[in-house]
Amino acid sequence: MTLDIPNLKDFDQRLRDEAHEEPNLEIPQGTPTKKTQIIAIYGKGGIGKSFTLANLSHMMAEMGKRVLLIGCDPKSDTTSLLFGGKACPTIIETSTRKKLAGEEVKIGDVCFKRGGVFAMELGGPEVGRGCGGRGIIHGFELLEKLGFHDWDFDYVLLDFLGDVVCGGFGLPIARDMAQKVILVASNDLQSLYVANNVCSAVEYFRRLGGNVGIAGLVINKDDGTGEAAAFAESVKIPVLAAIPQDDDLRKKSANYQIVGSYESQWGPMFAALADAVAIAPPVRPAPLTQDGLLNLFSAESTGKDFVLTPATDADMRGKNLVLKKSLEVVYDDV
Numbered sequence: 001m002t003l004d005i006p007n008l009k010d011f012d013q014r015l016r017d018e019a020h021e022e023p024n025l026e027i028p029q030g031t032p033t034k035k036t037q038i039i040a041i042y043g044k045g046g047i048g049k050s051f052t053l054a055n056l057s058h059m060m061a062e063m064g065k066r067v068l069l070i071g072c073d074p075k076s077d078t079t080s081l082l083f084g085g086k087a088c089p090t091i092i093e094t095s096t097r098k099k100l101a102g103e104e105v106k107i108g109d110v111c112f113k114r115g116g117v118f119a120m121e122l123g124g125p126e127v128g129r130g131c132g133g134r135g136i137i138h139g140f141e142l143l144e145k146l147g148f149h150d151w152d153f154d155y156v157l158l159d160f161l162g163d164v165v166c167g168g169f170g171l172p173i174a175r176d177m178a179q180k181v182i183l184v185a186s187n188d189l190q191s192l193y194v195a196n197n198v199c200s201a202v203e204y205f206r207r208l209g210g211n212v213g214i215a216g217l218v219i220n221k222d223d224g225t226g227e228a229a230a231f232a233e234s235v236k237i238p239v240l241a242a243i244p245q246d247d248d249l250r251k252k253s254a255n256y257q258i259v260g261s262y263e264s265q266w267g268p269m270f271a272a273l274a275d276a277v278a279i280a281p282p283v284r285p286a287p288l289t290q291d292g293l294l295n296l297f298s299a300e301s302t303g304k305d306f307v308l309t310p311a312t313d314a315d316m317r318g319k320n321l322v323l324k325k326s327l328e329v330v331y332d333d334v
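Heads up: the sequence shown runs through residues 1 to 334, numbered per the UniProt record's numbering.
Written out as structure tokens, the structure reads:
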């Protein structure tokens, strides 16, 4: 009997060819139809995602919505702001502790409430002792065991660190876990760089047949210079809200005070944001190139007019440079 052994070289080449094909898949854009809207919020570390989400979720609950807020940032600062600075046990640390004790994790071990908002933190590994992205994946696996798909919420808000581009932090986009993404940025190059990276990830997975889109941009600490609004227009996404650079907001955020409430002067702003988030469709962004991003800013603030000067072999060798005779044959002019 002869075995039909495939030509592995041809098979490998066929896979490579398929991987380089550009799929022509246009996903219909429209308002999410599922009862529960699962929304992933991305932004640069320290840009104000947790501030925005804690107040947005609190405002949504005051408006009569059932809201689950899940912190997916290893810093675990989302629930700290919601709970007045109090850190709640994270899913990862609780899971580890319970496993060592031979016990099962219960929802009351990791989920806590304030003002009608249900909130929990996935957490992350100790510094230098694990992968944050893998921790995110493990956390969601545990949420599924706890019955995540059977829970009854109007909104599930996921707070993701946008600086990290590994698969764990890209989970909602790569696996269609969320219907839409909200970006949080400010009028600075670094935060818009992160926002543009997320747009690139969304666009990549849309071309592969994914459904996640960008709902819009929240401009935090808006000083009125306009770069973030220009970015939103360039990548073809709406601005959902512009939260001003205000000393009252800064102090209240630093003191873990919630301002997303009808009792606060900032309540109407977060109520308007909640309304915008509810109806914003997931659109397909048009991410910028690095030069396109730099063009949003003046040359004085970014140095975009800098001209690259190529290094030479002599530059690299420095004091170790030894001139050698060339083997090239040079003919005298006749």
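We put the beta carbon where it would ideally sit given N, CA and C, even for glycine.
| Check | Outcome |
| --- | --- |
| Inter-residue spacing [alpha-carbon to alpha-carbon] between Arg66 and Ala278 | 13 Å |
| DSSP state of Tyr256 mapped onto helix, strand, coil | coil |
| Same chain, Cβ closer than 7 Å to Leu142, neighbours up to 5 away in sequence not counted | Ile91, Ser95 and Val105 |
| Ala119 - partner residues in DSSP beta bridges | Leu69 and Phe112 |
| Gly216 in three-state terms, based on DSSP | strand |
| CA nearest to the CA of Ala215, picked from Met316, Leu273, Leu146 and Tyr193 | Leu273 |
| Between the CA atoms of Leu296 and Gly115 - distance to the nearest angstrom | 40 Å |
| Expected contact under 8 Å - CB spacing of Val212 and Ile182 to nearest Å | About 11 Å separates the two Cβ atoms, so there is no contact after all. |
| Selected residue, minimal CA-CA separation from Asp159, among Val283, Asp247, Ser50 and Ala314 | Ser50 |
| Sub-9 Å separation of Gln121 and Thr52 beta-carbons | Strictly speaking, residue 121 in this sequence is Glu, with Gln absent from that position. Contact: no. |
| Bounding residues of the beta strand (DSSP E) (the contiguous stretch that carries Lys180) | Lys180 to Ala185 |
| For Ser186 and Asn220, believed in contact at Cβ under 8 Å, the rounded distance | 5 Å |
| Under 9 Å between C-beta atoms of Tyr256 and Gly147 | no |
| Cβ-Cβ separation, Arg97 to Arg206 (assumed contact under 8 Å), whole Å | Incorrect: roughly 40 Å between the Cβ atoms, too far for contact. |
| Close-in-space but distant-in-sequence residues of the same chain around Pro89 (CB under 7 Å, 5 per side omitted) | Asp109 and Val110 |
| Minimum C-alpha distance to Gln179 - residue among Val322, Leu323 and Gln37 | Gln37 |
| CA-to-CA distance, Lys319 to Gly123, given in whole angstroms | 50 Å |
| Extent of the continuous alpha helix (DSSP H) to which Ile91 belongs | Ile91 to Leu100 |
| Reduced DSSP category for Tyr262 - H, G, I as helix; E, B as strand; rest coil | coil |
| Distance, Ser298 Cα to Asp305 Cα | 10 Å |
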